[in-house]
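Structure record follows, encoded as structure tokens.
There are 2 protein chains.
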Amino acid sequence: MPKGQPDVIPDDGLTTRQRRNRPILAVHTGEMKGKSTSAFGMALRAWNQGWSVAVFQFVKSAKWRVGEESALRALGTVHEQTGEGGPVEWHKMGEGWSWTRKKGSEEDHAANAREGWAEIKRRVEAQQHDFYVLDEFSYPLHWGWVDTDDVVETLRNREGRQHVVITGRKAPPALMDAADLVVEMTKHKHPMDVGQKGQRGIEW
Amino acid sequence: MPKGQPDVIPDDGLTTRQRRNRPILAVHTGEMKGKSTSAFGMALRAWNQGWSVAVFQFVKSAKWRVGEESALRALGTVHEQTGEGGPVEWHKMGEGWSWTRKKGSEEDHAANAREGWAEIKRRVEAQQHDFYVLDEFSYPLHWGWVDTDDVVETLRNREGRQHVVITGRKAPPALMDAADLVVEMTKHKHPMDVGQKGQRGIEW
Chain A
4 MPKGQPDVIP DDGLTTRQRR NRPILAVHTG EMKGKSTSAF GMALRAWNQG WSVAVFQFVK
64 SAKWRVGEES ALRALGTVHE QTGEGGPVEW HKMGEGWSWT RKKGSEEDHA ANAREGWAEI
124 KRRVEAQQHD FYVLDEFSYP LHWGWVDTDD VVETLRNREG RQHVVITGRK APPALMDAAD
184 LVVEMTKHKH PMDVGQKGQR GIEW
Chain B
4 MPKGQPDVIP DDGLTTRQRR NRPILAVHTG EMKGKSTSAF GMALRAWNQG WSVAVFQFVK
64 SAKWRVGEES ALRALGTVHE QTGEGGPVEW HKMGEGWSWT RKKGSEEDHA ANAREGWAEI
124 KRRVEAQQHD FYVLDEFSYP LHWGWVDTDD VVETLRNREG RQHVVITGRK APPALMDAAD
184 LVVEMTKHKH PMDVGQKGQR GIEW
């Protein structure tokens, strides 16, 4: 396996070290389920670096408690108790954002999404975390609930070493343009095609 | 989000529950790096179910200690200490498989790979684990070091509730045919294209 040798050395005035440590904006899109799973896998590496990890879930309902949440929260507890790894925060829109504790109604998804983004923007500007997962954030952008230009500008101008991974289908083109890394998960074959329903431990 | 409704109800004589709980053979292939990351994200869900998780890394050198390994090992320790989640084992070919402690030489990669598969086959036949990640196992199959027909037959005939995820490029067609789930990670844009080298916390 080549250990990450680039094809091209750019003429951008940066040293290799500066370029290497430039923070990443990644977008995981496409039709397959691996988008979030892969983002949470990346969070494992971030945790292992001792980075502050924050997950913001934009669409999943509060009832849909994914295994990744339990596992990453357990890693946050390991950090608190032993100092290994980094701290982990996990916020969900579906049950009202944790910093507001306001119960979301059926009707105000758009307002909730905007509130979520406003908080993330505050945190990015304050350089509060090192690794952000904005899970299924592509949907509020696609639906126009959150202003894509504001997101792109905020993320382009973020300071320090803040990595951001955004997941979800239908990511707006302006967001893909701004991203350093775009991965598309493509379906070749899925058990649901042959009538197998989602199952515990595999789908959630 | 539809919560996993299948498009088709097959005429296979199984109940929905039987079909739902049929173990998965997944192949993550394609050119992008998310293949392993996504498999380890799936392992988080398996851990959270209390399943026995075993990872077998076929190619990465012993020096290439990925963050996912530390994080999943930490979760294994959480299980030992608190009972939360499931046990985790992590075996690497690059430093000699843990059950042999034989130091691999440069020349015997093929023999090491065959030894790794022989052990996995024993474990699958004994139903030792619930969730297996065979990381980069596609390469020894592609190179002919391990017999693809044996792998396909062993996995097709495995009993109980054993989920298997195989990652890596160039997965043999017979393996893809046998899989329930094939995900291809496609590159749209990658920082290495514009001269950014792999960085700590993101690439490993």
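Just so you know, the protein sequences line up as chains A and B, in that order. Under our numbering, the first residue of the first sequence carries the number 4, and numbering increases by one thereafter. Under our numbering, the first residue of the second sequence carries the number 4, and numbering increases by one thereafter. Don't be surprised by glycine CBs; every beta carbon is placed ideally from N, CA and C.
Legend entry - Three-state secondary structure assigned by DSSP to M45(A): Secondary structure of M45(A) (DSSP, three-state): helix.
Legend entry - chain B contacts made by the stretch 130 to 147 of chain A, where a contact means CB separation under 7 Å: Answer set for the stretch 130 to 147 of chain A: empty.
Legend entry - Range of the contiguous alpha helix (DSSP H) that encloses H132(A): Note, H132(A): premise wrong, no alpha helix (DSSP H); not H, not E.
Legend entry - Range covered by the alpha helix (DSSP H) that runs through A216(B): This structure does not reach residue 216(B), given that chain B is present from 4 up to 207, and the question cannot be answered.
Inset, instruction - Closer than 8 Å, Cβ to Cβ, to anything on chain A: give me those residues from the stretch 67 to 92 of chain B, in chain order. - result: Going along the stretch 67 to 92 of chain B in chain order, one finds W67, V69, G70, E71, S73, A74, L75, A77, L78, T80, V81, E87, G88 with a Cβ nearer than 8 Å to chain A.
Inset, instruction - Name the two residues that bound the continuous alpha helix (DSSP H) containing E83(A). - result: Per DSSP, E83(A) is one residue of the alpha helix (DSSP H) stretching across 70 to 85.
Legend entry - Beta-carbon contacts of W148(B) that lie in its chain and below 6 Å, excluding the five residues immediately before and after: Excluding positions up to five away in sequence, the list reads A113, A116.
Inset, instruction - Output yes if chain A places a C-beta closer than 7 Å to the C-beta of F43(B); else output no. - result: Residue-level contact check: F43(B) touches chain A, since one or more beta carbons of chain A fall below 7 Å from its beta carbon.
Legend entry - For E156(B), the first and last residue of its enclosing alpha helix (DSSP H): If you look at E156(B), you'll find it in the alpha helix (DSSP H) that goes 151 to 159.
Inset, instruction - Kindly say whether P115(B), judged by its beta-carbon, lies nearer than 7 Å to any beta-carbon of chain A. - result: Note that residue 115(B) is Asn in the sequence shown here, rather than Pro. Cβ-Cβ to chain A under 7 Å: no for N115(B).
Inset, instruction - Return the residues of the stretch 49 to 60 of chain B that lie within a Cβ-Cβ distance of less than 8 Å from chain A, sorted by chain order. - result: Flagged, chain order: A49, W50, N51, Q52, W54.
Legend entry - Candidates L178(B), S55(B), S141(B), V56(B), of which the one nearest E34(B) by Cα: For E34(B), the closest C-alpha among the options L178(B), S55(B), S141(B), V56(B) is that of S141(B).
Inset, instruction - Identify each residue in the stretch 24 to 41 of chain B for which the Cβ-Cβ distance to at least one residue of chain E is less than 7 Å, and report them in chain order. - result: Here the protein chains are A and B, and chain E is not one of them.
Inset, instruction - Using a Cβ cut-off of 7 Å, pull out every chain A residue sitting near G204(B), in sequence order please. - result: Within chain A, the C-beta atoms nearer than 7 Å to that of G204(B) come from R48, A49, Q52, W54, in chain order.
Legend entry - Burial state of G204(B), where buried means 16 or more other Cβ atoms lie within 10 Å: Counting Cβ neighbours within 10 Å, G204(B) comes out buried, since at least 16 surround it.
Inset, instruction - For K173(B), count neighbouring C-beta atoms within 10 Å of its own C-beta (all shown protein chains included) and say buried if the count is 16 or more, exposed if not. - result: Residue burial annotation: K173(B) is exposed, with fewer than 16 other C-beta atoms found within 10 angstroms of its C-beta.
Legend entry - Cα-Cα separation, R126(B) to S39(B): Distance from the CA of R126(B) to the CA of S39(B), rounded to the nearest whole angstrom, comes to 21 Å.
Legend entry - C-alpha gap between Q165(B) and E128(A), whole angstroms: If I take the Cα positions, the gap works out to 46 Å.
Legend entry - Assigned secondary structure, E118(B) (DSSP; H/G/I helix, E/B strand, else coil): E118(B) carries a helical assignment under DSSP once its states are collapsed to helix, strand and coil.
Inset, instruction - Enumerate in chain order the residues of its own chain whose CB-to-CB distance from N51(A) is below 7 Å, with the five nearest sequence positions on each side excluded. - result: Cβ within range, chain order: G88.
Legend entry - Proximal residues to M188(B) (C-beta, below 8 Å), its chain only, five neighbours per side dropped: H31, T32, G33, E34, M35, K36, G37, K38, S41.
Inset, instruction - Check K6(A) in the structure and name its three-state DSSP category. - result: A caution first: K6(A) carries a pLDDT of 49, below 50, which makes its placement in the model unreliable, though a value can still be read off. Three-state DSSP puts K6(A) in coil, outside helix and strand.
Inset, instruction - Could you tell me whether the Cβ atoms of L158(A) and L28(A) are closer together than 7 Å? - result: In contact: L158(A) and L28(A) (Cβ atoms closer than 7 Å).
Inset, instruction - Quick one: using the 10 Å Cβ neighbour count with 16 as the cut-off for buried, is A183(B) buried or exposed? - result: This sequence places Asp at residue 183(B); Ala is not what is there. Around the beta carbon of D183(B), 16 or more other beta carbons lie within 10 angstroms, which makes this residue buried.
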